[in-house]
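Structure first, then comments.
2 protein chains.
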Amino acid sequence: MTRQIKLGAFLPGGGQHIAAWRHPDQPADGATNFEFHKQLALTAERGLFDAYFLADGLAAAFSGGVEGGNAKVAGFEPVTLFSALTPLTTHLGFIATASTTYEEPYNTARKFASLDLISDGRAGWNVVTTATEAAARNFNLDQQLPHAARYRRAQEHVEVVKKLWDSFEDDAFLRDKDSGVFFDTAKVHGADHAGEHFKVAGPLNVSRSPQGHPVIVQAGQSEDGRGLAAATAEVIFTAHQHLDTAQEFYRDIKARAAANGRNPDHVLIMPGVSPFVGRTEEEAREKYDRLTSYILEEDGIALLNGLTGGTLDLTGHDLDGPLPPAPPTEGNKSRQALIRQIADENGFTIRQLYQWIASARGHFTIVGTAGQVADMLQEWFENEGADGFNILPPWLPTALDDFVDLVIPELQRRGLFRTAYEGRTLRENLGLPFPANRHAARHRVVEAAE
Amino acid sequence: MTRQIKLGAFLPGGGQHIAAWRHPDQPADGATNFEFHKQLALTAERGLFDAYFLADGLAAAFSGGVEGGNAKVAGFEPVTLFSALTPLTTHLGFIATASTTYEEPYNTARKFASLDLISDGRAGWNVVTTATEAAARNFNLDQQLPHAARYRRAQEHVEVVKKLWDSFEDDAFLRDKDSGVFFDTAKVHGADHAGEHFKVAGPLNVSRSPQGHPVIVQAGQSEDGRGLAAATAEVIFTAHQHLDTAQEFYRDIKARAAANGRNPDHVLIMPGVSPFVGRTEEEAREKYDRLTSYILEEDGIALLNGLTGGTLDLTGHDLDGPLPPAPPTEGNKSRQALIRQIADENGFTIRQLYQWIASARGHFTIVGTAGQVADMLQEWFENEGADGFNILPPWLPTALDDFVDLVIPELQRRGLFRTAYEGRTLRENLGLPFPANRHAARHRVVEAAE
Chain A
1 MTRQIKLGAF
11 LPGGGQHIAA
21 WRHPDQPADG
31 ATNFEFHKQL
41 ALTAERGLFD
51 AYFLADGLAA
61 AFSGGVEGGN
71 AKVAGFEPVT
81 LFSALTPLTT
91 HLGFIATAST
101 TYEEPYNTAR
111 KFASLDLISD
121 GRAGWNVVTT
131 ATEAAARNFN
141 LDQQLPHAAR
151 YRRAQEHVEV
161 VKKLWDSFED
171 DAFLRDKDSG
181 VFFDTAKVHG
191 ADHAGEHFKV
201 AGPLNVSRSP
211 QGHPVIVQAG
221 QSEDGRGLAA
231 ATAEVIFTAH
241 QHLDTAQEFY
251 RDIKARAAAN
261 GRNPDHVLIM
271 PGVSPFVGRT
281 EEEAREKYDR
291 LTSYILEEDG
301 IALLNGLTGG
311 TLDLTGHDLD
321 GPLPPAPPTE
331 GNKSRQALIR
341 QIADENGFTI
351 RQLYQWIASA
361 RGHFTIVGTA
371 GQVADMLQEW
381 FENEGADGFN
391 ILPPWLPTAL
401 DDFVDLVIPE
411 LQRRGLFRTA
421 YEGRTLRENL
431 GLPFPANRHA
441 ARHRVVEAAE
Chain B
1 MTRQIKLGAF
11 LPGGGQHIAA
21 WRHPDQPADG
31 ATNFEFHKQL
41 ALTAERGLFD
51 AYFLADGLAA
61 AFSGGVEGGN
71 AKVAGFEPVT
81 LFSALTPLTT
91 HLGFIATAST
101 TYEEPYNTAR
111 KFASLDLISD
121 GRAGWNVVTT
131 ATEAAARNFN
141 LDQQLPHAAR
151 YRRAQEHVEV
161 VKKLWDSFED
171 DAFLRDKDSG
181 VFFDTAKVHG
191 ADHAGEHFKV
201 AGPLNVSRSP
211 QGHPVIVQAG
221 QSEDGRGLAA
231 ATAEVIFTAH
241 QHLDTAQEFY
251 RDIKARAAAN
261 GRNPDHVLIM
271 PGVSPFVGRT
281 EEEAREKYDR
291 LTSYILEEDG
301 IALLNGLTGG
311 TLDLTGHDLD
321 GPLPPAPPTE
331 GNKSRQALIR
341 QIADENGFTI
351 RQLYQWIASA
361 RGHFTIVGTA
371 GQVADMLQEW
381 FENEGADGFN
391 ILPPWLPTAL
401 DDFVDLVIPE
411 LQRRGLFRTA
421 YEGRTLRENL
431 GLPFPANRHA
441 ARHRVVEAAE
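Chains as they are written, first to last, in UniProt numbering: chain A, 1 to 450; chain B, 1 to 450.
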């Protein structure tokens, strides 16, 4: 089959752009409005998106959260929200962010296996380490763990969760009413894990789910992040300003995955793209300018501060002057570097910088017609820059509708995107293999030897 | 308004009775069958139940879990399941069990506030401490914490969660598109908690939910458990074999609540009742005998072992002889005592004991006509034994249908039960007050003093 573009949609009810909530189209209470999220899910499914994607944090992001914008100070916990959307949809996948830093693997494994069962195989877990001092202070700490320590814990957390997801082999449950035998004890397995951070006996008390494992998603860009992603992720969310850095990332991750003994085709690279789509270039530009006009100075400054690690004090700086240097961060290192790069390359003032990143916080922002957006996606897709994209509509629901009504048909005309869902599960639609249960694999070896 | 009976329904998809899954009516895969849970929720709502209630554990209950029965070895995480049921229902409440022992209060607060928002005010949290060594071994421990330590942690956990639920005052969000002011910073508050077990700064990143606080439910029967319940719970689930012990418990809890400065009417006592309902006594008895016939000896023994703290070894004992003494437990102390009481009072053999408790594990089991069941409920309700009941249909869906079709109409005829939901939220249907935000109360005092 011809390779086609995979698409995720970032649809936070509060809007992606930090001033989205002020747009007349966007419900001001979108972040905590369930009916609005339902509408977004139905639109994403109409557009044949692979998945609805939600970020998450473990602290109210007041002044300078990475997500930025007061409209996102309070929202839903993503797994709880997504679960409620599953019975209202049939094919759309749901990729929820959950922390490896402040949750226990047994709880993580349970909730994602449950979501996968409830959705009949449409769950994905975006594995993150939780940065920010604010989150640390909500979990019994005075300050966050160092970057490298968070990644070590993350790697082990994922390892334990995957072991737990293999607790029951696919044919472990016999459920024979006549004999009263419910399961085959030989096909139930402990995790028997004892590592640096976790000691988990298992087995899980949720059965193996329709996808075997919910799809593992990751977004780390730093050296630690790339290592984790190449070792464990099946979908990698990434942020690039240029095709050449996207290509460098793409090739590096595929090579690392191969070095880990993985099939590089089963590691999908999906950069973020934030599109302002118009029927004409002028209309697209008007949409950009309009949303920009809603940004308050204080919110722009808070956003910059959050994205650069919470250590950049812009008090007293001329907003129409250049960005001052910032101290190194133990927070999101790759994001900090990216923001700096955008400022330097474009010669942006502080104000121009926050206006430009207000939509997508470092992801590629494009203002143009459907044809121009499709051109960009096609170029990256066909030149080792991307296997697909995570679309970040700047405000909702209109920018999502624009993408579905204008860009999707253009991609379909070019044969670059599906005209119907290929499969039932998220894994099937993404073209990812069903992961064999580690214990079942052992049985097969025994059978083959007989 | 006339006081009426409140009703919760325990509807585990795997069935309440340990052999329920072998009954021809019950889907053998009920525990992980979402469509089946949906059917149960719709039936409970048709029956005007206040809430759908689910227990939970943090280990696969193989040989002797407290819940007993292999059909429940793997199921759904309750909050994830309930969230998916909320958009399919309109009035039914959802009371999910979650552990104070192996979760962090910030995460607990988030998921229940999210469920309350998504369901438009129909969430309840059954606060438990997680006993069993098996669970401890899934959370980095070699053995469980002592009983008293678990309860101290539980009390503080609830305290922190309630503080977090008050992070945003009800009118904190202005969402003024014109000015760009999203919230009133004076109406957002940290938890600023530092205690024996938890240090949590807050605020929560979920807004205050429709009920203010999801309804707090508790089920502890021991001295520690009663203390926690009287201090924090609004609904108390309890297990009694006789009206007189139910009355002792009822009066004790109401007195303790009053001593804590609480209105005793806002602490609802709801014993568990497991009904086998027939159109005749004979039909009811046939239903009981049929389900009993499905119990495997090994499952009965495992159930007894689980309920008595996992320390009772029945190997080599005559199943038609008396129950041997068991060592004290650090597990569920009150349940251990109750099981012993049932054996002693009835002069049960080991076999008779596990057959009787197979339905309800220590809760009141009644085999009779709708009139006889209604008589029992009425007697307890009108004589300080209960404010309502948690109904544990022994197998599903039939025993739930029987209750809805036979007992509910009888209670309605007697004026003891609603004929339509009174309110929109679980709190309103239970007749519980909306909890004022602790910070808003302070504003009001200031206003009153002006």
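The beta-carbon is built from N, C-alpha and C at its ideal position, and this holds for glycine as well.
Where A/L307 falls, given that 16 or more other Cβ within 10 Å makes a residue buried: Burial of A/L307 is indicated by the presence of at least 16 other C-beta atoms within 10 angstroms of its C-beta.
Cutoff 6 Å; reference B/L204; Cβ partners in own chain excluding five residues on either side: In chain order, A109, L164 and S167 place their CB closer than 6 Å to the CB of B/L204, counting only its own chain and leaving out the 5 sequence neighbours on each side.
Listed by chain order, chain B residues near A/W21 by CB distance under 8 Å: Near A/W21 (Cβ distances below 8 Å), the residues of chain B are R175, K177 and F182.
Inter-stretch contact (C-beta, 8 Å, three-pair minimum) for the region 236-256 of chain A and the region 357-364 of chain A: Contact holds: three or more Cβ-Cβ distances are below 8 Å.
Whole-Å CB distance - B/K111 paired with A/T80, under 8 Å assumed: Under the criterion of beta carbons closer than 8 Å, B/K111 and A/T80 qualify as touching, at roughly 5 Å.
Spatially closest choice to A/H240 from A/L416, A/A386 and A/G14, by CA coordinates: Nearest of A/L416, A/A386 and A/G14 to A/H240, Cα basis: A/A386.
DSSP state of B/A191 mapped onto helix, strand, coil: DSSP places B/A191 in coil when its eight states are reduced to three.
Length at least 3, wholly inside the region 122-152 of chain A: the beta strand (DSSP E) runs in chain order: Taken in chain order, the complete beta strand (DSSP E) segments of 3 or more residues contained in the region 122-152 of chain A are 123-128.
Residue interval of the alpha helix (DSSP H) (run including A/D56): Counting along the chain, A/D56 sits inside no alpha helix (DSSP H), nor does DSSP assign it H or E at all.
Proximity test, Cβ basis, 7 Å: A/I118 and chain B: For A/I118, the answer is yes, since a Cβ of chain B falls inside 7 Å of its Cβ.
Same chain, Cβ closer than 7 Å to A/L314, five either side skipped, listed in chain order: Excluding residues within five positions, the ones whose Cβ falls inside 7 Å are I301, L304, N305 and I350.
Ordered list of beta strand (DSSP E) runs contained in the region 197-243 of chain B, each at least 3 residues: Here the runs fully enclosed are 215-218 and 235-238.
Within-7 Å CB hit, A/Y106 to chain B: Under the Cβ distance rule, A/Y106 counts among the residues neighbouring chain B, one pair being separated by less than 7 Å.
Contact set between the region 345-361 of chain A and chain B, restricted to residues whose Cβ is under 7 Å from the partner: Under the 7 Å Cβ criterion, the region 345-361 of chain A contributes no residue.
Beta-carbon proximity of A/F389 to A/M270, cut-off 7 Å: Yes, the Cβ-Cβ distance between A/F389 and A/M270 is below 7 Å.
Simplified DSSP assignment, three categories, for B/S274: DSSP places B/S274 in strand when its eight states are reduced to three.
Neighbour list for A/R110 in chain B, Cβ cutoff strictly below 7 Å: Listed along the chain, the chain B residues whose CB falls inside 7 Å of the CB of A/R110 are E77.
Residues that A/A28 contacts on chain B, provided the C-beta gap is smaller than 7 Å: In chain order: R175 and K177.
Short CB-CB distance (under 7 Å) between B/F139 and chain A: Output row for B/F139: interface = yes.
Endpoints, the alpha helix (DSSP H) within which B/F112 is located: Segment P105 to I118, the alpha helix (DSSP H) holding B/F112.
Close beta carbons around A/E104, own chain, < 8 Å, minus the five adjacent residues each side: Within the same chain, and ignoring the five residues on either side of A/E104 in sequence, the residues whose Cβ sits closer than 8 Å to its Cβ are F198.
Residue-level contact to chain A via CB, B/T32, 7 Å cutoff: It does; some Cβ of chain A falls within 7 Å.
Cross-strand partners of A/Y250 (DSSP beta bridge): Per DSSP, none; premise fails for A/Y250.
Contact list for B/V200 against chain A, beta-carbon separation under 7 Å: Those within 7 Å of B/V200 in chain A are N138.
Residues bridged to A/K38 (per DSSP): According to DSSP, which records beta bridges pairwise, A/K38 is partnered with nothing at all.
DSSP beta-bridge partners of B/D178: Looking at the DSSP output, B/D178 bridges to nothing.
Rounded C-alpha distance that separates A/Q352 from A/V160: Approximately 44 Å, taken between the alpha carbons.
Helix, strand or coil at B/L323 according to DSSP, with G and I counted as helix: Judged by DSSP in its simplified three-state form, B/L323 adopts coil rather than helix or strand.
With 16 other Cβ atoms within 10 Å as the buried cut-off, status of B/E223: Exposed: under 16 other Cβ atoms inside 10 Å.
Helix, strand or coil at B/I295 [DSSP, three-state]: For B/I295, the three-state secondary structure derived from DSSP is coil.
Buried versus exposed, by CB contacts within 10 Å (16 or more), A/L92: With 16 or more Cβ atoms within 10 Å of its Cβ, A/L92 is classed as buried.
Cβ contact (3+ pairs, closer than 8 Å) linking the region 210-224 of chain A and the region 131-151 of chain A: Contact check between the region 210-224 of chain A and the region 131-151 of chain A: three or more CB pairs, one atom from each, fall below 8 Å, which counts as touching.
8 Å Cβ cut-off: residues of chain B touching A/T86: Within 8 Å Cβ-Cβ: A84.
For A/L411, the three-state DSSP class (helix, strand or coil): Note: A/L411 maps to helix in three-state DSSP.
Exposure of A/G8, with buried meaning 16 or more beta-carbon neighbours within 10 Å: Looking at its Cβ environment, which holds 16 or more other Cβ atoms inside 10 Å, A/G8 is buried.
Cβ neighbours of A/L338 in the same chain (closer than 8 Å, five flanking residues each side left out): Same-chain partners within the cutoff: Q221, A239, Q241 and G362.
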